[in-house]
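Please read the structure below before turning to the comments.
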Amino acid sequence: MIKSIRIKNYRGIKDLEIDNFKKYNFFIGDNGSKKTTILESLGIGLSLLEFERILKNARNRKMKIKKENISSLFFNSDTTNVIDFILETTDNVKVETTVSIDKTLSMFQDFSSNDYSNYLYTIEKKIKEDKLKTDIYIKENSQTIYRNSKMDKIPLSFQNFLKKYNVLVEISDSLKNSSGTVFQVDRIIKSRKKDELLKYLQVIDKDIKEIYINDEEIFVEKETLKEFIPISSIGDGMVLALDIITSLILVDDFRHILIDEIERGIYYKNYRKLSEIIIELCKDDENIQLFITTHSKEFLEVFNEVLSESEKDNFSLFSLRNKKEKLDFVHYTSEELKDTLETGWDPR
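Using UniProt numbering, read the sequence shown as starting at 1 and increasing by one per residue.
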């Protein structure tokens, strides 16, 4: 499991270290508390061989990738600093990812090929003394290319980490990836787990009777309708529930699940149902970790109530606070959250 992360100089975070990660990890705070930035940082740290993950995050925020915009990835747009992500696991593996700007490379365009390219950044991944490093350039057609790569062979320490940790899925409103969801549903159907998927979808909507894929789109049959309809027509809440449920059923494929704004589109009366499904699918698996942001005190309260006694020690809540331009947090265990809510305090 991931035990901790340290984030330095990334977007709105100057220096933040978070530890005490458990199986269920929630982040709360106001709109400026960098919850989503923390999820992005976890994704970058876990993506050991994805050297463009930081650009993928930026594209998901609708940022145009070009040389002039890269400074926005750095705290206070100061590119003299180095962006640093340090993950540590419960078995004491430390993975460091650094992103930096080489001022000399940044001064020139590369005309070595038919179409010129601009230098964006240098990225290095490190486990102990083993390193993989490359410079990232972008062409006029927005295609990224690697230069000066020092990664002829994947080190054994990297291979060992990849086997155990480097499997994740991100679920976010900015990451509406219908093809990814279609692929997951197809995997479930082919592995003969469709009945299990339907069982959990029916907890959210009892009228759903069947699910199938046609022309790269997911359709469901409902008791109250005469024909199959696209699942997206039911609403964002059902699509979110489908993404979460399929990821948890395919737990061998996805061991780390990052969910941004879990209450998004979910009818408040379904908070308990979704919480029960998540805990039911995770309770017997010690290798899965969920990192979840929410604005909803009600969802937190319901999720904490649903946790069984055996799972209460697997819960961590981080309430993020901006204090004089410094990001800090208060950590709550399941019992501490329960006590806080009972006294009438709002942990957000």
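A virtual CB, placed ideally from N, CA and C, is assigned to each residue, including glycine. Since we're looking at a predicted model, the values are computed, not measured.
Locate the beta strand (DSSP E) running through residue i, then write down its first and last residues.
| i | result |
| --- | --- |
| I145 | T144 to K150 |
| L248 | Note, L248: premise wrong, no beta strand (DSSP E); alpha helix (DSSP H) at D236 to I249. |
| L258 | H256 to I259 |
| K206 | Careful: K206 lies outside any beta strand (DSSP E) and carries neither H nor E. |
| N9 | I2 to Y10 |
| I231 | I231 -> no beta strand (DSSP E), and no H or E assigned at all. |
| K222 | E217 to K222 |
Tell me whether residue i sits in a helix, a strand or coil according to DSSP, three-state version.
| i | result |
| --- | --- |
| Y116 | coil |
| L48 | coil |
| E40 | helix |
| L153 | It should be pointed out that residue 153 corresponds to Lys in this sequence rather than to Leu. Coil, per DSSP. |
| residue 352 | Past the boundaries of the shown model lies residue 352; the chain is included only from 1 to 348, so the question cannot be answered. |
| K194 | helix |
| N141 | coil |
| K312 | helix |
| V167 | coil |
| V82 | coil |
| K131 | strand |
| Y267 | coil |
| N25 | strand |
| D252 | coil |
| L105 | helix |
| E280 | helix |
| L87 | strand |
Of the residues the options, which one's Cα is nearest the Cα of residue i?
| i | options | result |
| --- | --- | --- |
| S71 | I231, Y119, M238 and G43 | Y119 |
| S100 | D135, K126 and M107 | D135 |
| K338 | K326, S247, E325 and K297 | K297 |
| R272 | I244, S247, N304 and T293 | N304 |
| Q159 | K222, V95, S106 and L197 | V95 |
| T90 | F299, E286 and L156 | E286 |
| R11 | N57, E52 and E342 | N57 |
| L307 | E276, F74 and F299 | E276 |
| residue 356 | G344, L317 and D328 | The structure shown does not extend to residue 356, since the chain spans only 1 to 348, so no value can be given for it. |
| F161 | L49, D328 and K22 | L49 |
| D173 | I288, L240, I278 and K35 | L240 |
| K269 | K67, E124, V203 and F183 | V203 |
| E140 | K67, N92 and E342 | K67 |
| K64 | K22, K35, Q143 and V169 | Q143 |
| I138 | D130, R147, K131 and L132 | R147 |
| L274 | K133, K126, Y200 and V182 | Y200 |
| D195 | Q184, K209 and V182 | K209 |
| V185 | I245, E301, L327 and R61 | I245 |
| K131 | Y121, I145 and L156 | L156 |
| S117 | R192, V169, L105 and L242 | L105 |
| E227 | N92, D207 and W345 | D207 |
I'd like the span of the alpha helix (DSSP H) that includes residue i, first residue to last.
| i | result |
| --- | --- |
| T340 | S334 to E342 |
| I288 | No alpha helix (DSSP H) contains I288, which DSSP labels as neither H nor E. |
| E301 | K297 to V306 |
| I13 | Not the alpha helix (DSSP H): I13 falls in the beta strand (DSSP E), residues I13 to I18. |
| S172 | Run containing S172: none; DSSP gives neither H nor E here. |
| R59 | R53 to N60 |
Legend entry - Stretch-stretch touch, CB-based, cutoff 8 angstroms, three pairs: the region 332-348 with the region 303-318: yes
Legend entry - the region 77-87 contacting the region 144-153, beta-carbon criterion three pairs below 8 angstroms: no
Inset, instruction - Evaluate contact between the region 249-268 and the region 212-219, counting only Cβ atoms and requiring at least three cross-stretch pairs below 8 angstroms. - result: no
Inset, instruction - Take every Cβ of the region 11-30, pair it with every Cβ of the region 314-329, and state whether three or more of those distances are shorter than 8 angstroms. - result: yes
Inset, instruction - Spell out a yes or no on whether the region 277-295 and the region 15-28 are touching, meaning 3 or more CB-CB pairs, one atom from each, closer than 8 angstroms. - result: yes
Inset, instruction - Would you check if the region 31-50 and the region 2-12 touch, i.e. whether three or more CB-CB distances between them fall below 8 angstroms? - result: yes
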